[in-house]
Structures are given as structure tokens and as C-alpha cells.
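Mapping of the sequence shown onto mature numbering (1 follows the signal peptide of the UniProt record, and there is no 0): residues -15 to -1, 1 to 402, in sequence order. All C-beta atoms in this analysis are idealised placements derived from N, C-alpha and C, irrespective of residue type, glycine included. Notes follow the structure.
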Amino acid sequence: MTFLWLWAIISSAVALNFTYHNGRQLETFLRAINQDYPSITHLYSIGKSVDGIDLWVLAIGKYPTKHTVGIPDMKYVANIHGDEVVGREMLLHLIEHLVTMYGVNDNITALINSTRVHIMPSMNPDGFAITRTAKPDCNYSKGRKNKNAYDLNRNFPDIFENNTLAIRQPETSAVIDWVMSESFVLSASLHGGDVVASYPFDNIKSDGQKLPEYSKTPDDDIFIYLAKKYSYNHLIMYYGEICVNSLEFQDGITNGAQWYVLAGGMQDFNYVWGQCLELTLELSCCKNPPEHTLEEFWEENRVALIEFLKQVHLGIKGQILNVDGNPIENAQVQIQGRDNIYPFETNKWGEYYRLLLPGSYTLIVTVPGVGTILEDFELSNNETMFSAMKLNIHFSTTNITYVPSIKDDHSQWTRRV
């Protein structure tokens, strides 16, 4: 009797069908969730599309309205290509699952209490609208691009080549501002057209013809781990050879540039400038499959989407503080042996987050004009603890709470390595 009563509460609050939801239906659903679960959700828009459609994000967490010290921010983004529609619906169902299981499922409750999850079901609502008016096609639709006919996943600043001649689209600019204003630690972008987890870099350093080759980041080990975490929690992705005329992907993962080289991609931008580790998750062989397949896609991805969220708690976190205990903003935080193109920097609360696998490391913290501190630490497996290892660093200075960021000058977006 208790179970039936609980089920009735859950099902009456939210009832999301396995169908494609247009822009108005998507907004209505998000507003209803926010109204029904105001204590753990916050609905906001990061900007508008070319057609003036809001780019909605639902934040879910114990403290959903703002960043809280010690609680990492993580995001999912879907439908960057308007004709790749499965991810859009998967994120709506993920939202429903998270809010209805809060206080019911111990893992979901612990995850939401310890994480701020931002979910953007559609980055390209104009392209989606175009796709829904066209004849369904598994391979391509003109709705792939935005209303101005720009591929949004080729429209971001790129560290490997000067692509500033590309006109930044409103959707891209909104995401850039979002990434640079939040303290995102982990992210995934949901796509379609294959079934594989792809990780940076997508582009390569080359002055000549760019042929596919492995483009390794300083955090290659953790990217491989994250990609496998998704593929092996997915029902079939880890098989590695699922789609007709596709490559064979060992373990269901691939380095982006080894698959194919692209410039202006979102995951490289997130990593280089946003210090956020992002994967590209391809969820379906058919980009625009029939509605009756959506429930099957949800069953394939449900566990993987949740397990990937938990990975935001890998590694180490802490604050860089002065002798009075005040945070130092933009202190440079590096891991010895990992030479990032730009060093990771602390946020305005003096916080840093570094996703790392278990092992021995040396933390290198530099406050320009003040000095550098090296701290050795041993990291154990803390995946099930819903918290990274905490390590605060104190500088013996009183008058420093801020140093300029090396990322403040956006002309650096034209820099090539």
C-alpha cells in the first residue's frame, strides 16, 4: 500500500511520454518540473537562439540557484545539431528520473545533495524545429545547423588554429559566456549518428593537411577512463561496432581527432578555456529515429547518464587561501607532469577541482607575484564517496585576494599552440 501511494505521488507530479517534444512542450515541461520541485531545481535561460527562442537550462541540486563552495558543477548539453534528436529526449527523461527519485533512491539523493547538475536539452532549438518539419532522415537534415546555417559545433574558439573569421552565433556566444562564468568540472554533449564516446582533442596541431590521428591531452588517462565509464554502463556502446558502415571503436570509445579532425568544437573549448572535461556522446546510429525507439534508447543510456554524473567527484578539490583565510581568485593550480595549455585557475571563491585517478601526485599552486607552493598527495579511490579528496593550500600573505586571469584577454582565443 505504501509503495502504491508513493508511486501515485511520483506519477501524478510528472508524466513524460516517449515522444518528441517541440519547443513549447519542452518549456512547459521544464517549468512544471521547476514548479513541482522548487527546492532542488532552478530554471534559467543562458540566452536566445537566432529565432529568439530561450536556451533553457534546468539546474538540479540541494542548492540549485547558485554555486556552493565544495559542491562541483556539472552539465549535460544536447541537440547542438538540430537533427540529432535522441539526446534532447534523453535529457528530459533524465530530469524526470532525478527529481522523482530524490528522497526515494539513496544514490540519486546523495548525488543531488553533493552536485549541482545543469541540463540543457536543446542548444539548437531553431534547428530542431526545422528538422521536425522535414522528412525524417537518419543521416542528415538541413536542421543540423542553426537558423543562420552555421554548424554550432564548428563555431567555438580553437586553440589549434585561428578561426576568428567565423562569426560567433548567438547560441555559441551564450554557451561560451555560460562556460566562462560557471565553475564547470565535467560535461558531456549528446549527439547522434553513431554509438561511441569521444574525447578530446578533436583538432590537431598541423600546418599541413589534417588527417585523422590521435590528439592527446595532458589528461588523456582520465578522459579514457571517463569515456569507458560511459560506454561500459551503456547497454551496447562498449561492443564498439554497432552501426552499419561505421568504424570499429575498441571499448566503444575514441579520441576525437583519431576518428575525424574538426576545428571549432565545443569539447575542446570546454577543456582548454573552461577547464571542464567534456565528452561527446554519440547515442544513436540514426540521427532522427522514430519515436517508438525512444524508450529503448532511454533504457540503453539511463544508467550510463547517472554513473557519468558521479565522476564529477573523482580526484581532488580545495581552496587556495591567504594567511587570513580569504580566498585567492585566479591562482594557478597545476598537477606536476600535466602541462595544460592554460593552467587551471581558482574561481572567485578560491576553489579548484581536478579530476584525477587514484595515484601519487604533486600539486603546484602559483600566485603570480607571491610565489609557488608544491604539495605531494596520495589519492585513493573515492568514487563512491560523492566527494573528491579535499586539500586546501594557504599562502603566507595577507593583501592578496585576486590576481588577473591569463584567460581574461579574449584575444588569446586566436592563440595557436
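| query | result |
| --- | --- |
| Could you tell me which residues DSSP puts in a beta bridge with valine 62? | Met105, Ser174 |
| Going by the beta-carbon positions, is the gap between asparagine 315 and tyrosine 387 smaller than 9 Å? | yes |
| According to DSSP, is asparagine 240 part of a helix, a strand, or is it coil? | strand |
| When DSSP builds the beta bridges, which residues end up paired with glycine 303? | Tyr337 |
| Please classify glutamine 319: does DSSP put it in a helix, a strand, or coil? | strand |
| Indicate the three-state DSSP secondary structure (helix, strand or coil) for valine 89 in the structure shown. | coil |
| Look up proline 389 in the DSSP assignment and say whether it is helix, strand or coil. | coil |
| Which term fits tryptophan -9, buried or exposed, when burial requires 16 or more other beta carbons within 10 angstroms of its beta carbon? | Per-residue confidence for tryptophan -9 stands at a pLDDT of 40, beneath the threshold of 50, marking its modelled position as unreliable; the derived number appears in the next sentence. Result: exposed. |
| Pair every Cβ in the stretch 341 to 359 with every Cβ in the stretch 262 to 282, then say whether three or more of these pairs are closer than 8 Å. | no |
| Inspect the CB distances between the stretch 229 to 242 and the stretch 175 to 187 and report whether three or more fall short of 8 Å. | yes |
| How should aspartate 187 be labelled, buried or exposed, when 16 other C-beta atoms within 10 angstroms of its C-beta is the threshold for buried? | buried |
| For the putative contact between proline 274 and valine 62, defined by C-beta atoms under 8 Å, what is the C-beta separation to the nearest angstrom? | Going by Cβ atoms, the distance from proline 274 to valine 62 rounds to 20 Å, so no, they are not a contact pair. |
| State buried or exposed for phenylalanine 362, treating a residue as buried only when at least 16 other CB atoms are found within 10 Å of its CB. | exposed |
| Check whether the stretch 189 to 198 and the stretch 83 to 97 touch, using three or more Cβ-Cβ pairs below 8 Å as the test. | no |
| DSSP on histidine 82, reduced to helix/strand/coil? | helix |
| Should the stretch 377 to 393 be regarded as contacting the stretch 303 to 322, the criterion being three or more beta carbon pairs within less than 8 Å? | yes |
| For cysteine 123, I'd like the list of residues in its chain whose CB is within less than 8 Å of its CB, leaving aside the five on either flank, ordered along the chain. | Cys270, Cys271, Lys272, Asn273, Pro274 |
| Residues in the same chain with beta-carbon distance under 8 Å from methionine -15, minus the five sequence neighbours each way, listed in chain order, please. | Since pLDDT at methionine -15 reaches only 41, below the 50 mark, its modelled position is unreliable, and no value is offered. |
| Skipping 5 residues on each side, what residues in its chain have a beta carbon closer than 7 Å to that of aspartate 36? | Asp111, Lys132 |
| Tell me isoleucine 97's beta-bridge partners as DSSP assigns them. | Answer is none; isoleucine 97 lacks a bridge partner. |
| Are the CB atoms of asparagine 377 and leucine 306 nearer to each other than 9 Å? | yes |
| Do phenylalanine 186 and the ligand ADP come close, with the Cβ less than 8 Å from some heavy atom? | Absence of the ligand ADP is noted for the structure shown, with no ligands found whatsoever. |
| Please say whether isoleucine 115 and serine 126 have beta carbons closer to each other than 9 Å? | yes |
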